[in-house]
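See below for the structure under consideration.
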Amino acid sequence: MSDDPETARQIAELSRDSRPLLVVDVDEVVLDFVDPFSRFLNSQGFDLLTDSFRIHGNVVALDDGKAIEAESVAALMTAFFDAQETWQTAAAGAVDTLGSLAPRLEIVLLSAMPHRHRPVRRALLDRLSLPYPLVSTEAAKGPAVSMIRGGRERPVAFIDDIPRNLESVARSVPDAALFHLMSHQGFRALLPPLPSGAVVLRDWSEAGARIAKELGVSQST
96 MSDDPETARQ IAELSRDSRP LLVVDVDEVV LDFVDPFSRF LNSQGFDLLT DSFRIHGNVV
156 ALDDGKAIEA ESVAALMTAF FDAQETWQTA AAGAVDTLGS LAPRLEIVLL SAMPHRHRPV
216 RRALLDRLSL PYPLVSTEAA KGPAVSMIRG GRERPVAFID DIPRNLESVA RSVPDAALFH
276 LMSHQGFRAL LPPLPSGAVV LRDWSEAGAR IAKELGVSQS T
């Protein structure tokens, strides 16, 4: 059971699919996040430093270079998610690769974000030709992936850019195939260690074949 009741409610509304399951993170995986967020911050008089793997503590004022407080960062992130349709774009190759896998897999997008942003994100994903079911969560991702899989014995793959989310899924779904993918190369170089067995994907151009092989399906051409 997911630790987030609203997440559990959303998962309960999914169709009962028996195909292999691919669960995919959204920010920095199917949608660009770091670059759009940086541009948004610049429009508000701030900048995002990319010399350590974090957001809080790395947002600084453009006029004096001083880091702003956590509460201000949180407010800016809320404003960004409210306006995400203006700023965010699909990660290169994500639409075509997922489209090539969709006929043979159940694909679910799992986004760690406040639930109230889900309708705006849903509209953005639809506009970008990413029509897959969207589940939002404010809790750990592992229990959510386990619940999405349900009691059906089927292969599962999970893609995320954050090591702790991969670790969470590894604990909750030990047989899941774990893939790391991150659009922003600057932050990728600063990553903490990935969990054992996680496969690093450079980009979506190589992701399709790796995922299809792991889940025992073929890609459409």
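Residues 96 to 316, numbered by the numbering used here, are exactly what the sequence shown covers, in order.
The C-beta atom is built at its ideal place from N, Cα and C for all residues, glycine as well.
On a predicted model such as this, the values are computed, not experimentally measured, just so you know.
(request) Give me the Cβ distance between Ser113 and Arg249, rounded to the nearest whole Å; I'm assuming they're in contact under 8 Å. (result) Right, the Cβ-Cβ distance comes to about 6 Å (below 8 Å), so this counts as a contact.
(message) Assuming Asp191 is part of the alpha helix (DSSP H), what are its boundary residues?
(response) First-last of the alpha helix (DSSP H) with Asp191: Ala189 to Leu196.
(request) Compare the beta carbon distance of Asp127 and Ala178 with 8 Å and say whether it is the shorter of the two. (result) Against a cut-off of 8 Å, the Cβ pair of Ala178 and Asp127 comes out as no contact.
(message) Is it buried or exposed, Glu262, if we count other Cβ atoms within 10 angstroms and call 16 or more buried?
(response) Residue burial is scored here from C-beta neighbours: Glu262 has at least 16 other C-beta atoms within 10 angstroms and is therefore classed as buried.
(message) Pop quiz: Pro226 and Val203 are said to be a contact at Cβ under 8 Å. What is the actual Cβ separation, rounded to whole angstroms?
(response) Rounded, the Cβ-Cβ distance is 12 Å, inconsistent with contact.
(message) Quick check on DSSP: helix, strand or coil for Glu180?
(response) In the three-state reduction of the DSSP assignment, Glu180 falls in the helix class, which pools H, G and I.
(message) I need the straight-line Cα distance from Leu193 to Gln105, nearest angstrom please.
(response) Taking the straight line from one Cα to the other gives about 21 Å.
(request) Pull up the CB-CB distance for His67 and Glu233, whole angstroms please, since I reckon it's below 8 Å. (result) With the chain running from 96 to 316 in the structure shown, residue 67 is simply not present.
(request) Please confirm if Glu309 has its CB atom under 8 Å from at least one CB of chain D. (result) Of the protein chains in this structure there is only one, and it is not chain D.
(request) Pick helix, strand or coil for Val215, following the three-state DSSP scheme. (result) Judged by DSSP in its simplified three-state form, Val215 adopts helix.
(request) From the DSSP output, in three-state form, read off Ile202 for me. (result) In the structure shown, Ile202 sits in a strand (DSSP, three-state: E or B).
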